[in-house]
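> Starting off with a structure, shown below.
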Amino acid sequence: MDEDERSKVRRRTFLKGAAGALSVAAAGCVDRDSGAVAHAEAARETAYNNCWICRASCGQEVTLEDGTAVDLTGVDGHPKASAGPGAEGTLCSKGLAQLDKTYNPNRITRPYIREDGELRSAEWDEAIAYAAERLESFREEHGPEKLLRYQGYPIGGEFHDLLFRDLYGAPIQVGRKTTCHGPFSDSWEWMAGYGREWPDWRNSEYMIAWGRNPMECFRGQWEPKGIMETIEENDATLVCIDPRYTKTAEVADRWIPIEPRTDGALALAMGHVIIEEGLHDEEFIEEWTYGFDAYREAVADKTPEWAAGITDVDAETIREVAIGFAEAAPRAVAFPFTGLSFQGNGFKNCQNVHALNGLVGNIDRKGGTRHWRAGFSLADPFEERGIDVPANHEGRPTPDYDDHPYQRHIRDLSHNAVPTAVERGDIRGFVNNWSAPLKSGNSEAWAEALEAMDLVITVDAFWSGVSRRADVVFPGASTLEQPFLATGGDSAYSESGWVTASDALIEPVGDCRTDYEIYSALATELGWGEYFPWEDAVEFYDEQLSGIGRSFEDIAERSYEIVADVKYEQWREHGFDTETGKFQFDLDVVDGYAALAEETDVSTAPEWHPPDDDLYGETTDEEYPLLLTDGFVQQLSRGHCQALDDAREEYLDRFGFRYEGYDGNLLHINPSDADPRGIETGDRVRVESPDGHVELVAHVYEGVRPGWLFAVSGFGAYSLAPDEAGANMMTMNTERHVEPVSGQVDRNLPVEVSRVGGETA
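Numbering (full-length UniProt numbering), first residue to last: 1 to 761.
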């Protein structure tokens, strides 16, 4: 790709939807030392905010007019919203949609309680008293151990946990490791000793985006901007391994539309080439790794020719990518994420890819993977005030299940197993903080489980499958309406830790309230007000920041501050936080996984496991010959943006699709699969699996490989989309569709597609 093409793609990628949607250029820039700055117009000013739609905390510069937010743009130099010091700040379309989300006419703006089987609006005092009474009755009848906690990407997660875990005593929470990234993060944590790796993109010289689409599904603008910066400044190479032609594939030097779920075979073959060519980091392997002999044995016969027959990637391409990656190391990174985590054989596939990073010694090195840390600690406001927070959840009985391998060794409960827990009586209630679990897997059973529960309480902004079934609905404030504080961590500042903050900029719409106000009021009504002594979240955050000698007001006026240095190669000083103190190719020393591997007769070292219709995912056959996966695009978040008209229109416009009366998701299908079935773009189609069916509209194009279908998640039944437009693919997902190690939902489903109606015009 020449320089003109790269520049063209760069402009299109970052600002096409943004500038048109909300006129970001009109907001201008602001002098960071001045905080809120008055514009020439009498009643206009700018102030800082943070976006939390995808948990990235990108800094936003907000234009206010007479107390109303009218425009947004990114904050220059912000660690999450820019490419680094002095760089222009920008926002993606989800960040810009914060205005639409805040002022949307369909937003829930009053509390609701269920009376005589129907939801009705209520005053706050009534709703809080009603929720507290129901919680007290629930605890007396069932015990707090039968109340399930569930969180999305919340602003006030610490307040939710304080109330429902520490004080109320509910011990069970279903987390993101079973709906988003379990195989990726579990395998990396056991191999490298820390949560989720994230690449040092802006310093890399060879990047493999493996089942991840960082140009549009990212943890902040720093990711796509860092990638483009290193391509332009370092002549870096970007390889995209994905069966879908994504925005990342558009800017990549090489797009490899791999046969889905064969990533582990490709990774093993690359390891074979790297060792055969003598390009592995012998010093790092000798001094800082464990289990290399097992890994070398695992790849010994995994030649590119062997992998080519499995992956549909030719052997020469495998060699070229392996050698290019290894020669650029340690300034090289192979990075998998949800594309592999959503697979039934995802754990081994992720382990095999992670092993490549250890093989070339790029761990926590410049341009490689990075052990991102803040490098500082905030103060504990409870300690500052001498408050001893109880841990009432500890020692509570929890269900002991053995239906699936992961339950016997790794974790008790996953998202898909919740309906069974409800059926068995082990879960009888549900408290939900800003999440839409009915789009995440086993949706039909989840809907029935919510109906069967004795108590459902949720904080949200729009009506969904959860809020419509709730006994109490609390309308939460948006980030424009409440204070915010975050520290990090992964950003454009590769060797620095940072803090970002923003105060509420506008009065909450209607009768919405901040997360702190909601949980503080509920705790007080339940008799635990002493644990919420702060006047508001600002006071709480201010006490946290005292630990680094800063105040909330200081940071909020500047948007962010770089606080600490975080050097590379932290393992040299502390080792790896693993059983051996080293990077672990072989996981035989991880007790839980070793026991699971023995039970399922697999190696603890990297190994190839194809889908097998048993533990590792279901295979296609004559009756269901196509493989369906759902996922994300830049215009839509993990569920909430589907409620926004502009977001749905931008998504459809992206594919040149606009039909009267349809604004749901599309089924993207290759012409070679569409033509024999008589399917054309705009046709309504039926997607059928062994477990159900959905209907939506087809989009025929070559951006998905033959034999594979893709649809955006978060639409259809139980979604936030108006009239539940489109289709929820997870209504065809059941409890058995899980990856066996982590309990992660397997979102790959064998299906058949047929045309049921003509063009949706």
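All C-beta atoms, glycine included, are put in the ideal place defined by N, C-alpha and C.
(1) Check Gln351 in the structure and name its three-state DSSP category.
(2) Does Thr369 pass the burial test, meaning 16 or more other C-beta atoms within 10 Å, or should it be called exposed?
(3) Could you check what DSSP says for Leu615 in three-state terms: helix, strand or coil?
(4) Determine the closest residue to Asn392 out of Leu167, Val694, Ala721, His160, with distance taken between C-alpha atoms.
(5) Is DSSP giving Thr246 helix, strand or coil here?
(6) Please give me, in chain order, every unbroken run of the beta strand (DSSP E) with length at least 3 that falls completely inside the region 695-748.
(7) Could you spell out the range, first to last residue, of the beta strand (DSSP E) harbouring Met453?
(8) Bridge partners for Ala486 per DSSP, in chain order?
(9) Considering only DSSP beta bridges, list what Ser121 is partnered with.
(10) Thinking Gln221 and Ala81 are a contact (beta carbons under 8 Å), I'd like their distance in whole angstroms, please.
(11) May I ask you to list the residues that DSSP assigns as paired with Asn432?
(12) Along the chain, where does the beta strand (DSSP E) containing Thr420 start, and where does it finish?
(13) Return the bridge partner residues of Asn50 from the DSSP annotation.
(14) Going straight from the alpha carbon of Val299 to that of Ala332, what length do you get?
(15) In angstroms with no decimal places, state the Cα-to-Cα distance between Ala643 and Pro722.
(16) Where do the ends of the beta strand (DSSP E) carrying Val239 lie?
(17) With DSSP run on the structure shown, which of helix, strand or coil describes Tyr519?
(18) In the structure shown, what three-state DSSP assignment does Asp683 receive?
(19) Mapping DSSP to helix, strand and coil, what is Met207?
(20) In angstroms, rounded to a whole number, what distance separates the CA positions of Arg658 and Leu667?
(21) Out of Gly74, Phe376, Leu340, Gly346, which one is the CA nearest neighbour of Pro740?
(22) When the Cα of Glu45 is compared with those of Trp52, Gly59, Leu72, Cys51, which residue comes out closest?
(23) Taking only the alpha-carbon atoms, compute the straight-line gap between Ala355 and Met207 and give it to the nearest angstrom.
(24) Going straight from the alpha carbon of Asp33 to that of Arg558, what length do you get?
(25) For the candidate residues Val239, Asp200, Arg648, whose alpha-carbon lies nearest to that of Glu223?
(26) Just list the beta strand (DSSP E) runs in the region 600-675, keeping only unbroken ones of 3 residues or longer that don't cross its boundaries, in chain order.
(27) Apart from the five residues on each side of it in sequence, which residues of its chain come closer than 8 Å, Cβ to Cβ, to Pro750?
(28) Could you tell me how far apart the beta carbons of Thr379 and Pro399 are, in whole angstroms, since I believe they sit closer than 8 Å?
(29) With distance defined between alpha-carbon atoms, name the residue in Asn733, Tyr531, Gly195 nearest to Leu163.
(30) What's the C-alpha gap between Gly35 and Arg296?
(31) When you compare only the Cα positions, how much space is there between Gly152 and Asn432?
(32) How big is the Cα-Cα spacing for Thr600 and Pro405?
(33) Taking Ala461 as the reference, give the member of Gly682, Leu268, Leu720 with the closest Cα.
(34) Have a look at Ala265 and Gly361 and give me their C-alpha separation to the nearest angstrom.
(35) If Ala127 sits next to Ile113, beta carbons under 8 Å apart, how far is it from one beta carbon to the other, in whole angstroms?
(36) For the region 487-502 against the region 138-150, are there 3 or more C-beta pairs whose distance is under 8 Å?
With the structure as the only source:
(1) helix
(2) buried
(3) coil
(4) Comparing Cα positions, the closest option is Leu167.
(5) Secondary structure at Thr246: coil, using DSSP grouped into helix, strand and coil.
(6) Within the region 695-748, the complete beta strand (DSSP E) segments at least 3 residues long are 708-712, listed from N- to C-terminus.
(7) Element bounds for Met453: n/a, residue is neither H nor E.
(8) Thr500
(9) Tyr112
(10) 5 Å
(11) Tyr150, Thr458
(12) No beta strand (DSSP E) contains Thr420, which is instead part of the alpha helix (DSSP H) from 418-423.
(13) Gly59
(14) 20 Å
(15) 6 Å
(16) 237-241
(17) helix
(18) strand
(19) strand
(20) 14 Å
(21) Cα-wise, what sits closest to Pro740 is Gly346.
(22) Leu72
(23) 15 Å
(24) For Asp33, the predicted structure reports a pLDDT of 38, less than 50, and the residue's modelled location is therefore unreliable. A value from the coordinates is still provided. Each residue's Cα considered, the two are about 6 Å apart.
(25) Asp200
(26) 626-631, 666-669
(27) Glu618, Thr619, Thr620, Asp621, Tyr624, Pro625, Leu626, Leu627, Leu628, Ser689, Pro690
(28) Note on identity: in this sequence residue 379 is Ala, with Thr being the wrong assignment. No, Ala379 and Pro399 are not in contact; Cβ-Cβ is about 37 Å, not under 8 Å.
(29) Tyr531
(30) For Gly35, the predicted model reports a pLDDT of 39, less than 50, meaning its position is unreliable; a value from the coordinates is still stated below. Taking the straight line joining both Cα atoms gives about 56 Å.
(31) 8 Å
(32) 8 Å
(33) Leu720
(34) The alpha-carbon of Ala265 is positioned some 21 Å away from that of Gly361.
(35) 5 Å
(36) no
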